Structure formats: C-alpha cells, structure tokens
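Quick notes on the structure that follows.
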Amino acid sequence: MGFEDRVMLPPSEIPKQWYNIQADLDEPIPPVIHPATLQPISPDELAPIFPMALIEQEVSKERWIPIPEEVLNIFSLWRPTPLVRARRLEKYLQTPARIYYKNESLSPPGSHKPNTAVAQAYYNKREGVKRLTTETGAGQWGSALAFACNLFGLKCTVYMVRVSYEQKPYRKVLMNIWGAEVLPSPTDRTNAGKSILAQDPNSPGSLGIAISEAVEDAVTHEDTKYSLGSVLNHVLLHQTIVGLEAKRQFEMLGEYPDVLVGCVGGGSNFAGFVFPFIPDKLDDKRQTQIVAVEPLACPSLTQGIYTYDFGDTARMTPLLKMHTLGHNFIPPRIHAGGLRYHGMAPIVSFLYDKGIIEAVAYPQRAVFEAAVTFARVEGIVPAPETAHAVRAVIDEALRCKETGEEKVIAFNFSGHGYFDLSAYDEYLSDRMEDAVLPPERLKEMLSGLPKFSL
Ligand SMILES: *Cc1c(COP(=O)(O)O)cnc(C)c1O
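Numbering (the numbering used here), first residue to last: 653 to 1106.
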C-alpha cells in the first residue's frame, strides 16, 4: 500500500551516458551565427568563453556521451531521483488519469539545475580553469553553480540582478554559504556595468546586463570562463539524465506516458525530461503528446517568432535561431523568475517548429492556484516555475475526467518553492495580479528584431 507509488531506481542503475537528440534529428538544427561575419561560429571563437569539452558537446552528433565518473559520484548525493505517483491529486480531481512526477527538487540547491552545473564545473576544472562567472535573476542558477564550484574547488562570481539581490536575500546567502562571491549587477567592475551606472546610478539591473558583465569578466581574465544554465545544446544534453531515469522507471512500472509536461524558461528541464522519449515518437512507435508550458507574460513559443536573435540585451552573444520575443523584451514582473527569458533553446524551438512538441501559456494566478492545490494534497510546495507544469497537468487530468480516458500523464517537478514563500503570501492574501502583456508592446518588440539575410 502506497510504497509502489514511489518508484526508486537502484543507485547502480543511474544512467552512465547522456542522450544527444542531435543524433536523431533528420535535419541538423540551424548553426550558431557570428553577428559580425554572419558565418557559423567556429570553436576557436567560443574558446575564451567556454572550455573545449563543452564546445565539442554543443555541436556533437554522437547519440550517447559518457558521464564522467566524478560527476556521477557527486550525482549520487541525490540521484537517481524518484518517480512519484500523485495518487492524492488524482483522487482530489476525481480523474481516471494516472499522474506521475519526476522529483528534481531533491538536489541540495532544490532544482534540476545542478545536473548541468556539476558537469560544467567538472569540465572547466579539468581544463585548468580557476574561476567561473555567471548571471542570476532570482538566484536558482547562481546557487546551483555555487554548489558545483564549491565541490570542485573553483571560485565562482555571480552577477545578480540588483533588484533581486535586494528583494530576495536568501538565495544570495545560500550562494555565500557555498563560497561564491555575489555582486549586485550593474557593478563598477566591468565596462558594461560602468556604462549603465553612468547613465543611471540607481539602475535596478536586468538579466541582459548581468549576462554582459559575466561574459566580459570571463573574456578579460585568462583563468576564468563563463557558465550558462539553460538554452544551449550542452546544457540540455546534461539534463537528459532526468528523462533517461524516468524512462527506465516507467519500464519498471510497466507503464508508458501518454502525455509529458514540463515548464519552459530557456527550455532545459523540459528538454531533459522529454528528449529521451522523442525517438519513440519519431519512429512512430508512440504518439506521446509532449507539452511545454510557459507564462502568458513571457510567451516565447506561443507568441514569439522563429528567427535568429541575440541571447542578451547588450547584443554581445552569438546569434541563435530560436523562438524569441526580441532581445529587448523585458517581460512584466512575474514570480516565476526562471521563466522570464526572451528566447527559447534552439533545439526546443526546432521541435516546436516541426510540430513534434506543443506549447500552452498560462496567467500567473491560475498557476499559483494549481500550485496551492498540489501542495495541499501532495505536500511539496512547487517552485513558481514548476507550478506552470502543475497547472497544465491538472487541466489535462480534468479533461480526462470529462472523457473518461485513463491517460498516463507525467511531468517534471523541476524545483521546490521554499525560497518563494513571499510570492505564495501574495497569492494567499489576494494581492497577486495577472501581469498582462499589452499586444502593442509585443508587436513593437517583435518588429525590432534584427534582420539578417543569411
Ligand atoms: C530555472 C528554472 C526553470 C526554468 O529553466 P529551464 O531551463 O527552462 O528549465 C524551471 N524550474 C525551476 C525550478 C528553475 O529553477
């Protein structure tokens, strides 16, 4: 009774290889382009920013890439993670659907993000790097990287968007505990930061500015590289350990999911969860419905354009072909800080364009309503990002109630919300609003997209 609702993979069966979906796409995804030459970027041009091993993974077509022993060793602190049947949620909804979630909130920083942070810290360490820089908004990524760098004896500098630094002190403390230096961005340490401060000494900062600072810091220091927590192919690759474990756990159960759901910011937890199931769909063995869930306030898949765009506001990054709202797009303030990115991972964008995956967008209050329901019946408090997936799962389960379909619905529980309680407080005391995105503003951002004839 009950125990079979938590499917554990024996520690010895942790996946030893990552799955690279680029091996199974029948056409290659469009290359990363250098904004000055408009030519595909070469590995040498990326070398000041990333270690060679990660640049190779970025373009690799090998289906299976071995996970280094040292990385697996650290993963054993929390992996394999359980696949849990949400039987109390099913009962509460009175649905004939069977609902499962993969619990990625059990890592020490509380999300899926250390799956790539640990791998990235490992490859940098192996190539002699001494320090990593990165940006963080709400602090999920910064704390994952701080955790990973600490384990490998690397220094870590986090440029944290100033408003978050001031309003969300607890993630900063977590980063400090793991030994990272956390700076409110814009800072006077970089030219990018100084020029912003010259215009506005009280600038609240933005993710775009923080990225520019972190990249500049890395390229101007010999022993330092930059690390990104989502979007890029190698990050999605590292997250596939989630879906590989889940696939194995479904085999143990003798089930196969009919619907897979994940929330999307840059696309990494969604990709990691669903990519290992996609070959079965491409081979016509399964008709799995695969759903990405995004905020209505930042709808890059459902309302963005599939085109080449910059990754940051300051136009410092290479050009990526992706679904984007435009690099100048600053979404309304919503509590799911991890879902406020203007673009989407190139591989996720490609699959959406081909109709292999679908997407849905929700307003903030409906999302928190679902999160509170989930917490009341299943116990764990979802991160505001994760709550988007919970909303879509509840709606699908309610549709099954109408039709009587006994679908198997599975979602990635990307993280817990214990550092986001002020957002829950706002929701519970009825002070939360649905941030609306004026259509004129969206139109303006999209018309401002760079036009390249490639
Ligand atoms: C960062 C974050 C996300 C969004 O990032 P993706 O790269 O799209 O996965 C989702 N959930 C949690 C808990 C996060 O911390």
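We put the CB at the ideal spot given by N, CA and C, even for glycine.
Treat the numbers as computed from the prediction; the structure is a model and nothing was measured.
Item: Measuring only from the beta carbon, is Lys765 closer than 8 Å to any heavy atom that is part of ligand 1?; Value: yes
Item: Between which residues of its own chain and Val891 is the CB-CB distance below 7 Å, once the five residues before and five after are set aside?; Value: According to the sequence shown, residue 891 is Gln rather than Val. So the list reads His764, Asn767, Thr768, Ser920, Asn921, Ala923, Gly924, once near-sequence residues are dropped.
Item: Just to confirm the assignment, what range does the alpha helix (DSSP H) spanning Ser847 have?; Value: 843-851
Item: How about Cys915: is its Cβ closer than 8 Å to a heavy atom in ligand 1?; Value: yes
Item: Would you mind stating whether Glu756 and Asn1064 have Cβ atoms separated by less than 9 Å?; Value: yes
Item: At a cut-off of 8 Å, would you count Gln1016 as near ligand 1, judging by its Cβ distance to the nearest heavy atom?; Value: no
Item: Leaving aside the five residues before and after Arg1017 along the sequence, list all residues of the same chain whose C-beta is less than 6 Å from its C-beta, in chain order.; Value: Met1084, Asp1086
Item: For Arg1103, count neighbouring Cβ atoms within 10 angstroms of its own Cβ and tell me buried if that reaches 16, exposed if not.; Value: Note that residue 1103 corresponds to Lys in the displayed sequence, not to Arg. Lys1103 is exposed by the Cβ-count criterion.
Item: Within the same chain, show all residues whose beta-carbon is closer than 6 Å to that of Trp716, passing over the 5 residues directly before and after it, in chain order.; Value: Gln669
Item: Report the start-end ranges of each beta strand (DSSP E) in the segment 666-748 that is 3 residues or longer and not cut off at the edges.; Value: 669-671, 716-718, 735-737
Item: Measuring from the CB of Asn802, is there a heavy atom of ligand 1 at a distance below 8 Å?; Value: no
Item: Using 9 Å as the threshold, is the C-beta distance between Leu826 and Ser795 below it?; Value: yes
Item: Decide if the segment 774-783 is in contact with the segment 869-888; the criterion is three or more beta carbon pairs, one per stretch, under 8 Å apart.; Value: yes
Item: List in chain order: all unbroken beta strand (DSSP E) runs of 3+ residues lying wholly within the segment 954-1008.; Value: 957-962, 971-976
Item: Lys765 lies in the alpha helix (DSSP H); which residues open and close that run?; Value: Neither: Lys765 is in no alpha helix (DSSP H) and is coded neither H nor E.
Item: Given Trp730, which residues of its chain have a CB within under 6 Å of its CB, disregarding the five upstream and five downstream residues?; Value: Leu758, Ser759
Item: Can you round the beta-carbon distance between Asp964 and Gly860 to whole angstroms, since I take them to be within the 8 Å contact cut?; Value: 5 Å
Item: By alpha-carbon positions, which one of Pro663, Ser664, His975, Glu1057 ends up nearest to Ile1109?; Value: Lying before the first or after the last residue shown, residue 1109 is absent from the chain, which here runs from 653 to 1106.
Item: Terminal residues of the continuous alpha helix (DSSP H) containing Asn802?; Value: 792-804
Item: What's the C-alpha gap between Met1132 and Ala1044?; Value: Residue coverage of the chain in this structure runs from 653 to 1106, which leaves residue 1132 outside it and unanswerable.
Item: Any idea what DSSP makes of Asn854, helix, strand or coil?; Value: coil
Item: Below 9 Å between beta carbons: does that hold for Val926 and Ala1011?; Value: no
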